[in-house]
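See structure below.
There are 2 protein chains.
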Amino acid sequence: MHEAAASLYDEQDLVMEALGNDVRRAILRLLAEGELPAGRIAERFPISRPAVSKHLRLLSQAQLVSHEADGVRHIYRLNRAGFDRGRVWLDQFWPDALGRFKLLAENTYERGNG
Amino acid sequence: MHEAAASLYDEQDLVMEALGNDVRRAILRLLAEGELPAGRIAERFPISRPAVSKHLRLLSQAQLVSHEADGVRHIYRLNRAGFDRGRVWLDQFWPDALGRFKLLAENTYERGNG
DNA sequence: AAATTATGTAACTTGCAAGTTACATAAGGA
DNA sequence: TCCTTATGTAACTTGCAAGTTACATAATTT
Numbered sequence: 001m002h003e004a005a006a007s008l009y010d011e012q013d014l015v016m017e018a019l020g021n022d023v024r025r026a027i028l029r030l031l032a033e034g035e036l037p038a039g040r041i042a043e044r045f046p047i048s049r050p051a052v053s054k055h056l057r058l059l060s061q062a063q064l065v066s067h068e069a070d071g072v073r074h075i076y077r078l079n080r081a082g083f084d085r086g087r088v089w090l091d092q093f094w095p096d097a098l099g100r101f102k103l104l105a106e107n108t109y110e111r112g113n114g
Numbered sequence: 001m002h003e004a005a006a007s008l009y010d011e012q013d014l015v016m017e018a019l020g021n022d023v024r025r026a027i028l029r030l031l032a033e034g035e036l037p038a039g040r041i042a043e044r045f046p047i048s049r050p051a052v053s054k055h056l057r058l059l060s061q062a063q064l065v066s067h068e069a070d071g072v073r074h075i076y077r078l079n080r081a082g083f084d085r086g087r088v089w090l091d092q093f094w095p096d097a098l099g100r101f102k103l104l105a106e107n108t109y110e111r112g113n114g
């Protein structure tokens, strides 16, 4: 019957679960600079390529990234859908936006170091 | 430069890490209905009380909950700070969303309502 | 003061997420 | 066609997060 409602929460859970890992968060930050093929992503981490591939699969299932084949390469990029779901999840606790921009304003600048 | 920035991201990581567990997310949903003492929270879960206590500690470190002693009881409630950090983390990926909040902040700045 | 209640913590165990290696597949290039 | 490149997956291992039990502490109650 109402599988739509149930699957919505499942999808939100997939997002929150995926975001709860530092390697996956680092992959997202890397992709924030621009789309990349799977191999290039893996190069940036001290773990094996299959391990990164598995993280990419979880990120993809959570719709935090999307990917498309380009010849033999698979290009990954950020997918807004997952981030929106994460935001919806957070908003169930604090529906009003007020009080957020102070923190936001204080942290929208420099970050580039790594 | 300011180590405030570094520790901020550590704190964001604490939040995202804490939110990446379904028991902890369920605790937050429970506390969204109202504050509760530790024991009452533990009653609602099929795991042991010390296990819940440990989850509460992590949630507290992430500032997703706060707690205060009330006699022998420790009352837990949601803490806005952690949720704000979670949102800041999400918003770093979509600058246009940041712009939206900045605009909102500018328009609401001296009105002081909230 | 002794018993009870509510909680946190220490020490240990364990389940599973995250890692590894080995292999399969598919697209180009020589 | 065979070789190389790029990737995903299967099967197995392992590190650590999340669970357990036992104990310490502190505030009430009798």
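Chains P and S are the protein sequences, given in the same order.
Here this note's numbering is used: position 71 in the first sequence is 71, and no number is missing along the way.
Here this note's numbering is used: position 32 in the second sequence is 32, and no number is missing along the way.
Even glycine gets a Cβ: it sits at the ideal position worked out from N, Cα and C.
| Item | Value |
| --- | --- |
| Cβ neighbours of L19(S) in the same chain (closer than 7 Å, five flanking residues each side left out) | R25 and G86 |
| Stretch-stretch touch, CB-based, cutoff 8 Å, three pairs: the region 23 to 38 of chain S with the region 58 to 65 of chain S | yes |
| Any C-beta of chain P under 8 Å from that of N21(S) | yes |
| Same chain, Cβ closer than 8 Å to E11(P), neighbours up to 5 away in sequence not counted | A62, Q63 and R85 |
| Range of the contiguous alpha helix (DSSP H) that encloses I27(S) | D22 to A32 |
| E17(P) versus S53(P), F83(P), L78(P) and A69(P), residue with shortest Cα-Cα distance | F83(P) |
| Chain S within 8 Å of D70(P), Cβ atoms only | no |
| L31(S) vs V72(S) beta-carbon contact at 8 Å | no |
| Unbroken alpha helix (DSSP H) run spanning E43(P), endpoints | A38 to E43 |
| Element boundaries [alpha helix (DSSP H), containing A51(S)] | R49 to Q61 |
| Buried/exposed call for N113(S), threshold 16 Cβ in 10 Å | Bear in mind that the predicted position of N113(S) carries a pLDDT of just 30, short of 50, making it too unreliable to give a figure here. |
| Buried versus exposed, by CB contacts within 10 Å (16 or more), I167(P) | A question about residue 167(P) goes unanswered here, because the residues of chain P that appear run from 1 up to 114. |
| Interface positions of the region 28 to 61 of chain S facing chain P (Cβ-Cβ less than 7 Å), listed along the chain | L28 and A32 |
| Chain P within 8 Å of L14(S), Cβ atoms only | no |
| N- and C-terminal bounds of the alpha helix (DSSP H) containing L78(S) | Here L78(S) belongs to no alpha helix (DSSP H); instead the beta strand (DSSP E) covers R73 to L78. |
| Sub-8 Å separation of I75(P) and E35(P) beta-carbons | yes |
| Neighbour flag for G99(P) against chain S, beta carbons, 8 Å | Legend: pLDDT at G99(P) = 48, less than 50; position of this residue unreliable, no value from coordinates given. |
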